[in-house]
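All letters in the sequence shown, in the order written, are residues 963 to 1532 by the numbering used here.
Glycine included, every Cβ here is placed at the ideal spot set by N, Cα and C.
What follows is a set of notes on a single structure, which appears directly below.
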Amino acid sequence: MSEAQARSRRQEGVEELCAAAIRALSGETDLHFRGRRLHRGRRALPLFAPHLHPSLETDDFGSFRGAADGIALRLTHSDAALHQSLLPSDPVERLMFDLLEQLRVEALVSSAMPGAVHNLRHRFEAWSLAFHRSGLTETTRGILLYTVAQMCRSRVTGETVVDETEDLVEVTRGKVAPMIGHDLVGLRRCRTDQAAYAVHALAIARIIAELVDVTEKPNAERRDGDEERAAFSLMMEVDSDLNEHFATAVSGRSRVLEDSDDGYRIFTTAYDRQVNVADLVRKDLLKDFRERLDRRVAGQGVNIARLARELRSLLGVPARDGWDGGQEEGTIDGRRLAQLVASPTERRLFRIEHIEPTPDCLVTFLIDCSGSMKEHIEAVAMLVDVLARALEQAGVVSEILGFTTQTWNGGRARRDWARAGHPVHPGRLNEVCNMVFKNADTSWRRARPQIAALLKGDLFREGIDGEAVDWACARMRARTEERRLLIVLSDGSPMDGATNLANDEHYLDHHLREVVLRQEHAGGIEIYGLGVGLDLSPYYSRSHVLDLAGSTGNQIFREVIGMIERRGRR
């Protein structure tokens, strides 16, 4: 097992244990980690306070247990709707208010649960020491925020501040205490009443925000603001409204689909087709597209050989690949015994089995070729082109597919529906076009021109994602590879104007969720949603958001590899 695989397995194991603890303490059964983020069903929960996010590289298991207990208490004792309604708009006030609410729920842990009390204390101390030892308490803002966190937790929970930094915070505590002393007392007194507690928490948050603002003014001419960003990087994890730069795909329930006895419908398949995309583009134009794509790939400076090694390690399974002789330990090599007679001091008489990761794997890229993807398609084409090349060097079979419609607003399918008298619930009303850019039996070198056909803009129309996922999975199930990965690249929800108007607005995205769930339950295929500037987690239990504008070079490919490493997370 490679180091990356081992690290991923450890992370998965820790998260499974933490999720189980959170479910047990909170009584909520639909909680799980995905992408190092706690989800309720398919919806990501807020990040809550900074000390609830330990790292496998720097923290022990006790820190993870403490974080799990803290999250469970937050879910049990905090009214999320009330908290959201009271959140201030100012970023610093917002961050402090969220931290103070977390401290409140941690103070409510039952004395009958001494283990949880210990875990919470251990986790907060570990976070505090990490903050201090990183040097952030050496900045004006850093020591202010750190001191307030220590003061408030000590007051609300009745525990002492962290011993190692008690002397360090004394001066700042002396300055801040007169300003927030009354409200500190109120925090302790009102800790069982969230609304009353919030009055004092908001007052403290406002005072601290004003102090932070005062400390910024002398440095107002600092161009980069690195100190401020550094202070907040460990102090606070901002909730989804502030910390996540990407929107989440809009998804809902389709009443038409739920009320239908026969489920998802297709009005007609008479005009659907599957095409080899190279047949749709002139050869001279394909050549121009390929040259343009090659320039884009060259400009990224990607180390393809290294990428291939990482993919081989990640996707391969250990397999015997002969023997390594001339070893000083292992299994005796009979062919070398004569050397012992000739040279009694010879020690290299052994051999060991040579183990190499050997992939038996198929990776299919399914690309959304709807109209909105045109602005991203050059970066997407570069991504799948490089990955297909690296996968081939790693010994992994790859396939590149795309899906769109042959026309806008339904075309001939919609006209047939109109001639039939507009029957209710007609189902899908458009002409599906599934495209093959590279099939599994074609090498990357032979498929290079066809891959570049992704740059042909007039192929992009509308998208019927659910049917496309079914189509790609059917192709994959016809193959013999032991492991199969389907990576769907999209920048939006399924969309076909004619279908949505004739059914309801969530008809297609509801169907996509059903398809992904059904295919995952069938087993044999790992399905990933790779969002282009959009969080696809409402549809795909395994997903990641790519910032193609902000990420360059090898960073994009590290993110894709990281998504696959986390394959067990839901």
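Output the boundary residues of the alpha helix (DSSP H) element that contains residue i.
| i | result |
| --- | --- |
| K1137 | 1128-1151 |
| R1297 | First-last for R1297: undefined, no H or E at that position. |
| L1345 | 1339-1355 |
| T1307 | That residue, T1307, is in no alpha helix (DSSP H); it is neither H nor E in DSSP. |
| E1063 | 1053-1069 |
| T1367 | Taken as a continuous stretch (DSSP letters only), T1367 belongs to no alpha helix (DSSP H), being part of the beta strand (DSSP E) at 1359-1367. |
| F1519 | 1516-1527 |
Note down the Cα distance separating residue i from residue j, rounded to an integer number of angstroms.
| i | j | result |
| --- | --- | --- |
| A1511 | R1254 | 18 Å |
| I1314 | S1275 | 20 Å |
| L1130 | H1080 | 24 Å |
| F1229 | G1389 | 6 Å |
| A1375 | D1246 | 33 Å |
| G1491 | Q1112 | 41 Å |
| E1536 | R1271 | Past the boundaries of the shown model lies residue 1536; the chain is included only from 963 to 1532, so the question cannot be answered. |
| N1516 | L1349 | 11 Å |
| G1466 | G1261 | The sequence shown places Asp at residue 1466, rather than the Gly named in the question. Whole-angstrom Cα-Cα distance: 44 Å. |
| E1354 | A1430 | 24 Å |
| G1419 | E1527 | 33 Å |
| L1421 | R1168 | 54 Å |
| I1142 | R1268 | 55 Å |
| E1100 | E1087 | 18 Å |
| R944 | V1346 | The first residue shown for the chain is 963 and the last is 1532, placing residue 944 beyond what the model contains. |
| L1049 | A1440 | 53 Å |
| G1523 | S1503 | Strictly speaking, residue 1523 in this sequence is Ile, with Gly absent from that position. Their Cα atoms are separated by approximately 16 Å. |
| L1000 | R1257 | 40 Å |
| K1400 | I1449 | 14 Å |
| R972 | F995 | 14 Å |
| A1078 | S1047 | 29 Å |
| I1212 | R1117 | Here residue 1212 is Val; the residue named in the question, Ile, does not match the sequence. Rounded to the nearest angstrom, the two C-alpha atoms are 42 Å apart. |
| V1325 | R1407 | 17 Å |
Which residue comes first and which comes last in the beta strand (DSSP E) that contains residue i?
| i | result |
| --- | --- |
| F1093 | Where F1093 is concerned, there is no enclosing beta strand (DSSP E), although the alpha helix (DSSP H) it sits in stretches over 1076-1095. |
| M1457 | Element bounds for M1457: n/a, residue is neither H nor E. |
| L1328 | 1323-1330 |
| I1489 | 1488-1494 |
| H1506 | 1505-1508 |
| V1118 | That residue, V1118, is in no beta strand (DSSP E); its alpha helix (DSSP H) goes 1102-1119. |
With C-beta atoms as the reference, is residue i less than 7 Å away from residue j?
| i | j | result |
| --- | --- | --- |
| L1277 | L1328 | no |
| F1026 | P1012 | no |
| V1239 | M1397 | yes |
| A1547 | L1416 | Beyond the ends of the chain as shown, which are 963 and 1532, falls residue 1547; an answer cannot be given. |
| R1540 | Y1501 | Because the chain is modelled from 963 through 1532, residue 1540 falls outside the range shown and cannot be assessed. |
| R1153 | R1066 | yes |
| A1171 | D1330 | no |
| I1518 | C1435 | no |
| D1471 | P1456 | yes |
| L1070 | A1034 | no |
| P1411 | L1248 | yes |
| L1061 | G1032 | no |
| D1286 | E1444 | no |
| A1356 | L1451 | no |
| G1576 | R1310 | The structure shown has nothing for residue 1576, since the chain only spans 963 to 1532. |
Is there at least one non-hydrogen atom of the ligand GTP closer than 6 Å to the beta-carbon of residue i?
| i | result |
| --- | --- |
| L1247 | Because no ligand of any kind appears in the structure shown, any question about the ligand GTP cannot be addressed here. |
For residue i and residue j, which I take to be in contact (beta-carbon distance under 8 Å), what is that distance rounded to the nearest angstrom?
| i | j | result |
| --- | --- | --- |
| I1426 | D1378 | So it is not a contact: roughly 17 Å between Cβ atoms. |
| L993 | R985 | 5 Å |
| T961 | D1497 | As shown, the chain starts at 963 and ends at 1532. That puts residue 961 outside it, with no answer to give. |
| F1059 | L1164 | 6 Å |
| S1216 | H1384 | At roughly 19 Å, the Cβ-Cβ gap does not stay under 8 Å, so S1216 and H1384 are not in contact. |
- Query: Which residue spans inside the region 982-1024 form an unbroken beta strand (DSSP E) run of at least 3?
  - Reply: 993-996, 999-1002
- Query: For the region 1231-1259, which segments carrying the beta strand (DSSP E) assignment without a break, of at least 3 residues, lie completely within its bounds, in sequence order?
  - Reply: 1235-1238
- Item | Contained beta strand (DSSP E) runs [length at least 3] in the region 1426-1480, N- to C-terminal order | 1445-1452
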